[in-house]
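Asker: Quick one: the structure is below, questions incoming.
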Amino acid sequence: MASMISAAEAAAHLRVRDSIGMPLGTGQPGALLAALGERQDWEELRVYGALLSVGTALFGHPNVHYLSGFYGPIERVLRDQGANISFAPADFRRFAPLMEEQAPRVMISAAAMPDPDGWCSLSLHAGASVAELHRAAADPERLLVIECSPHYPRTVGIAPQYPHRVHLDEVDLLVGSQSQPLPLADPDPSDVDRAIAANAAAYIPEGATLQTGIGAVPSTIACLLAEGDGGDYGVHSEMFTTGLMKLHRAGKVTNRKGQFDGVSVATFAAGTAELYEWLDGNTEVAFLPVEIVNSPAYIRANRRMVTINAALAVDIQGQVVADTIGGRQYSGIGGHEDFVTGPALDLEDRSLLCLPSTATVGGRLVSRIVPWFEAGAVITTPRHAVDVIVTEYGTAELQGKTVHQRGRALAAVAAPQFRSELLEAAERASGGRAPFEGRFAD
């Protein structure tokens with residue numbers, strides 16, 4: 000059984016040429032990453048992760064290569080500073096086989112403090128790293144490093160298949176720290192956010208099973224539902240948020256979903272300190288691996304599934320850009336396509352993609368709904384999978400519609416000053432023609 004050591008002591012066990020695998024976001028061990036950043040002797044260190052939530056000098060070292068599957072603010076800063084960082088296009092479910100293929104010698108994770116029986120809850124993250132943590136523990140040539148902090152909540156999985164914990168007997172290096180999970184507050188909603196949320200909430204019936212992401216719109220939707228007359232909701236969400244906690248506290252969650260009944264299901268959590276405190280010892284939420292939570296088959300099996308996610312831009316074909324801006328990586332694919340695809344398999348279910356109708360770029364107001372994407376655009380979600388687009392002006396239902404009909408529906412929810420060019424493109428696209436004029440139009 001591992002005895003507790005400092006982060007600096009654990010960092011010294013890594014070789015100057017080594018590889019590390021870690022969870023995304025709130026599963027990352029802060030003290031250990033900081034201690035690794037204090038070493039200057041790296042010759043070749045490869046780190047596999049996503050959505051950094053910990054500030055560390057590690058990724059500024061020229062011999063440290065960080066391969067990320069999802070960019071957040073820290074990744075974008077590292078990229079802009081010229082750090083040795085790469086993006087691997089993959090949805091969240093594919094992180095698990097990719098991690099297995101890479102088989103990093105050292106697997107690291109944050110966890111709650113051991114219980115009296117020696118079990119460490121994996122706290123805020125199950126995700127795609129769980130199986131690889133256990134594989135590293137069983138391999139004498141690899142290291143499993145767990146950082147325990149009293150500030151990380153004890154959470155549960157669903158026994159026996161998904162226990163969401165590791166035992167001290169499995170751990171090679173046990174780090175003690177006072178690290179705290181990154182608090183993530185939802186921004187205050189704007190009038191546009193409130194209008195989008197109200198339009199989206201109209202698609203959520205009594206007894207719906209919900210998936211929501213982070214941000215002002217999903218948070219506002221959760222608040223509308225918490226304050227509304229409906230109820231009997233279930234939760235099956237990649238991310239468990241502060242807004243979903245509020246829905247629980249309002250007594251609106253019964254989780255009669257038809258599978259995993261009685262518990263809200265998520266694969267990681269991120270939100271406020273209040274959320275983390277509420278999750279501690281709370282058996283109303285179960286953390287399961289991403290290959291279960293994000294499986295379209297499991298998503299479809301829920302009662303009246305409604306998924307709510309964001310988009311950055313959409314064209315009249317219904318193609319969605321959700322993780323890049325001008326071809327530059329902004330976030331990641333995550334569960335975007337899974338939570339669009341799953342509801343599309345059942346007519347009772349709905350998938351909502353929410354976005355403001357406009358954005359300001361270089362001091363100029365532009366439409367987020369465009370006739371077509373320019374060369375270099377990176378599509379996140381294909382047109383055939385998209386169901387409902389939601390803006391502050393209303394909703395456009397695309398499933399089963401022709402390109403002409405899609406263009407007209409999207410024009411109706413675009414900002415008024417951009418509607419005429421969208422309608423013109425829709426007319427040109429009638430009958431399967433191209434929406435634009437020029438060399439490739441006919």
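Numbering (our numbering), first residue to last: 0 to 441. Glycine included, every Cβ here is placed at the ideal spot set by N, Cα and C.
1) What beta strand (DSSP E) runs, 3 residues minimum, are completely inside the stretch 147-176?
2) Taking the alpha carbon of residue 397 as the point to measure from, which residue in 151, 349, 250, 435 has its own alpha carbon closest?
3) Under a three-way DSSP split, which group does residue 396 fall into?
4) Here's a check: name, in chain order, each residue in its chain whose Cβ is nearer than 6 Å to the Cβ of residue 442, leaving out the five neighbours to either side.
5) Residue 288 bridges to which residues according to DSSP?
6) Looking only at its chain, what residues have a beta carbon closer than 7 Å to the beta carbon of residue 210, apart from the 5 residues adjacent to it on each side?
7) Indicate the three-state DSSP secondary structure (helix, strand or coil) for residue 348 in the structure shown.
8) Would you please state the rounded distance, in angstroms, between the beta carbons of residue 87 and residue 57? I believe it to be under 8 Å.
9) Where does residue 108 sit, in a helix, a strand or coil, going by DSSP?
10) For my contact list, residue 320 and residue 377 are in at a C-beta cut-off of 8 Å; report their separation, rounded to the angstrom.
11) Are the CB atoms of residue 20 and residue 96 within a distance shorter than 8 Å?
12) Look at the alpha carbon of residue 111 and the alpha carbon of residue 310, and state the distance between them as a whole number of angstroms.
13) Mapping the DSSP letters down to three states, classify residue 236 as helix, strand or coil.
14) By the 10 Å Cβ neighbour count, where 16 or more other Cβ atoms means buried, how is residue 438 classified, buried or exposed?
15) Among residues of its own chain, excluding the 5 on either side of residue 186, which ones have a beta-carbon nearer than 8 Å to its beta-carbon?
16) Starting from residue 277, trace the alpha helix (DSSP H) both ways and give me its first and last residue.
17) State the start and end residues of the unbroken alpha helix (DSSP H) segment that holds residue 218.
18) Residue 364 by DSSP, collapsed to three states: which one?
19) Tell me residue 333's beta-bridge partners as DSSP assigns them.
20) Can you tell me whether DSSP reads residue 434 as helix, strand or coil?
21) Label residue 12 either buried or exposed according to how many other C-beta atoms from any shown protein chain fall within 10 Å of its C-beta, with 16 as the threshold for buried.
22) According to DSSP, is residue 338 helix, strand or coil?
23) Pairs of beta-carbons, one from the stretch 353-370 and one from the stretch 420-429, closer than 8 Å: are there three or more?
24) Please list the terminal residues of the continuous beta strand (DSSP E) segment that includes residue 19.
25) In the DSSP assignment, find the unbroken beta strand (DSSP E) run with residue 308 in it and report its ends.
26) Please classify residue 3: does DSSP put it in a helix, a strand, or coil?
27) State the Cα-Cα distance for the pair residue 55 and residue 16, rounded to the nearest angstrom.
28) Could you pull out every residue in the same chain whose Cβ sits closer than 7 Å to the Cβ of residue 287, ignoring the five residues on either side in sequence?
29) Anyone know if the C-beta pair for residue 390 and residue 355 falls short of 8 Å?
30) What distance in whole Å lies between the Cβ atoms of residue 121 and residue 164, which are believed to be in contact at a cut-off of 8 Å?
31) What does the alpha-carbon distance come out to for the pair residue 32 and residue 271?
32) Distance check for residue 239 and residue 176, CA to CA, integer angstroms please.
33) With 16 other CB atoms within 10 Å as the buried threshold, where does residue 90 fall?
34) My guess is that residue 256 and residue 293 are in contact by the Cβ rule of under 8 Å, so how many angstroms apart are they, rounded?
35) For the alpha helix (DSSP H) containing residue 297, list its first residue and its last residue.
36) Which one or two residues does DSSP pair with residue 357 in a beta bridge?
Answerer: Considering the structure as presented:
1) 164-166, 172-175
2) 349
3) strand
4) Any property of residue 442 remains undetermined from this structure, which presents the chain solely from 0 to 441.
5) 126
6) 235, 236, 237, 306, 307, 338
7) coil
8) Not quite, the Cβ-Cβ distance comes to about 19 Å (not below 8 Å), so this is no contact.
9) strand
10) 7 Å
11) no
12) 34 Å
13) strand
14) For residue 438, the predicted model reports a pLDDT of 46, less than 50, meaning its position is unreliable and no value from the coordinates is stated.
15) 214, 215
16) 272-278
17) 215-226
18) strand
19) 90
20) coil
21) exposed
22) helix
23) yes
24) 16-23
25) 304-309
26) strand
27) 19 Å
28) 125, 156, 157, 161, 264, 266
29) yes
30) 6 Å
31) 22 Å
32) 25 Å
33) buried
34) 16 Å between Cβ atoms; not a contact.
35) 295-300
36) 366
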